[in-house]
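Engineer: To start, I am sharing the structure in question, which I have written as structure tokens.
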Amino acid sequence: MKNFRIRFSLIFLIGGLLLQACTGTGTWGTVGQTPNPPDRLSTQELEALFRARTDSVRMRVHEADVQFMTGMISHHAQALVMSGFAPTNGSGRQVRTLAARIINAQKDEIAFMQQWLLDRRQPVPEVDETGQAVHAMHMPGMLSPEQLQNLENAKGLEFDRLFLTYMIQHHEGAVTMVYTLFATDGAALDDIAFKLASDIQVDQITEVARMRSMLEALPAPRRNR
Numbered sequence: 013m014k015n016f017r018i019r020f021s022l023i024f025l026i027g028g029l030l031l032q033a034c035t036g037t038g039t040w041g042t043v044g045q046t047p048n049p050p051d052r053l054s055t056q057e058l059e060a061l062f063r064a065r066t067d068s069v070r071m072r073v074h075e076a077d078v079q080f081m082t083g084m085i086s087h088h089a090q091a092l093v094m095s096g097f098a099p100t101n102g103s104g105r106q107v108r109t110l111a112a113r114i115i116n117a118q119k120d121e122i123a124f125m126q127q128w129l130l131d132r133r134q135p136v137p138e139v140d141e142t143g144q145a146v147h148a149m150h151m152p153g154m155l156s157p158e159q160l161q162n163l164e165n166a167k168g169l170e171f172d173r174l175f176l177t178y179m180i181q182h183h184e185g186a187v188t189m190v191y192t193l194f195a196t197d198g199a200a201l202d203d204i205a206f207k208l209a210s211d212i213q214v215d216q217i218t219e220v221a222r223m224r225s226m227l228e229a230l231p232a233p234r235r236n237r
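Throughout, my numbering is defined as the position within the sequence shown, counted from one, plus 12.
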């Protein structure tokens with residue numbers, strides 16, 4: 013079907029050139045004069061020209077889309093750092109399973125967003141080992157260095173409670189970023205960007221509800237006597 017559309021468009025492109033020559037319009041000459049046609053293009057060259065023009069139209073992006081992808085890469089990267097503490101610091105199987113699910117999902121989304129930026133010749137942000145993007149502006153839900161350190165130092169039930177509390181904060185920040193994107197005029201008209209943002213919104217809202225239930229089910233913290 014894709015090849016058919018290309019050939020169909022090429023027919024109109026070639027037909028337009030021939031019609032221009034026959035009617036004497038454009039720069040080829042006037043009626044009664046022998047036109048001087050331009051150098052002939054092969055079918056392969058015409059197809060390459062067609063592909064280049066359609067790709068150019070398809071790859072036009074809104075600045076808000078680029079900012080969203082760039083920011084969400086850093087946002088996801090911090091979630092990977094947070095989740096990476098769970099196998100050694102967490103006490104509950106549910107928390108460790110949730111952390112593993114977050115790592116698998118958000119690693120794939122980071123790679124997807126990086127490729128989206130590369131395909132559109134946009135810079136891809138560098139992310140350090142703490143999940144902070146170099147020169148990145150503050151984004152909703154991001155943990156402060158102190159919060160991240162507290163999470164890394166926590167063990168057992170204390171870790172589970174902090175992890176769920178902080179990850180709820182983190183997820184809600186990501187949802188806010190999606191809302192901001194959708195509220196921006198002209199943004200998210202790119203089908204790929206729209207679908208990714210929509211998926212992130214649905215997934216993270218669902219996970220927030222699950223984490224709230226998990227948090228409520230944890231034993232109450234012990235009080236010092």
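Glycine is no exception: its CB is placed at the ideal position from the N, C-alpha and C atoms.
What does G102 pair with, by DSSP beta-bridge criteria?
Structural biologist: In DSSP, G102 forms a bridge with G168.
Engineer: Looking at the unbroken alpha helix (DSSP H) that takes in H88, where does it start and where does it end?
Structural biologist: That run of the alpha helix (DSSP H) goes 75-96.
Engineer: State yes or no: is the C-beta of V139 within less than 8 Å of the C-beta of H183?
Structural biologist: no
Engineer: With H, G and I counted as helix, E and B as strand and the rest as coil, what does DSSP make of S156?
Structural biologist: coil
Engineer: Could you pull out every residue in the same chain whose Cβ sits closer than 7 Å to the Cβ of V187, ignoring the five residues on either side in sequence?
Structural biologist: Q213, Q216, I217
Engineer: Please confirm whether A98 and Q118 have their CB atoms less than 8 Å apart.
Structural biologist: no
Engineer: When the Cα atoms are used, what is the spatial distance from P157 to P135?
Structural biologist: 25 Å
Engineer: For T39, does the count of other Cβ atoms within 10 angstroms reach 16, so buried, or fall short, so exposed?
Structural biologist: Note on T39: pLDDT 41, under 50, position unreliable in the model; the coordinate value appears next. Classification of T39: exposed, given that the 10 Å Cβ count is below 16.
Engineer: By a C-beta neighbour count over all protein chains shown, 10 Å radius and 16 as the cutoff for buried, is Y178 buried or exposed?
Structural biologist: buried
Engineer: Nearest to R222 by alpha carbon, out of I114, G102, T196, L160?
Structural biologist: I114
Engineer: Does the separation of the CB atoms of A176 and N162 fall below 8 Å?
Structural biologist: In the sequence as displayed, the identity of residue 176 is Leu instead of Ala. Against a cut-off of 8 Å, the Cβ pair of N162 and L176 comes out as no contact.
Engineer: Please state whether DSSP places P47 in a helix, a strand or coil.
Structural biologist: Any reading at P47 needs caution, since the residue's pLDDT is 49, under 50, leaving its predicted position unreliable; the model's value is listed next. Reduced to three states, the DSSP call for P47 is coil.
Engineer: Select from M84, E75, S103, V107 the residue whose C-alpha is nearest the C-alpha of S95.
Structural biologist: V107
Engineer: Specify, as a first and last residue, the run of the alpha helix (DSSP H) that M223 falls within.
Structural biologist: 203-229
Engineer: Do F80 and L193 have their beta-carbon atoms positioned less than 8 Å apart in this structure?
Structural biologist: Cβ distance < 8 Å, so L193 and F80 count as in contact.
Engineer: Please tell me whether A76 and A166 are closer than 8 Å, where the distance is taken between their beta carbons.
Structural biologist: no
Engineer: Tell me which same chain residues have a C-beta within less than 7 Å of the C-beta of N101, skipping the five on either side of it?
Structural biologist: A166, K167, F171
Engineer: Just how far apart, CA to CA, sit R224 and I180?
Structural biologist: 8 Å
Engineer: L160 to Q56, Cα distance in whole Å?
Structural biologist: 56 Å
Engineer: Helix, strand or coil: how does DSSP classify M151 here?
Structural biologist: In this structure, M151 counts as coil in the three-state DSSP scheme.
Engineer: Going straight from the alpha carbon of P137 to that of W128, what length do you get?
Structural biologist: 12 Å
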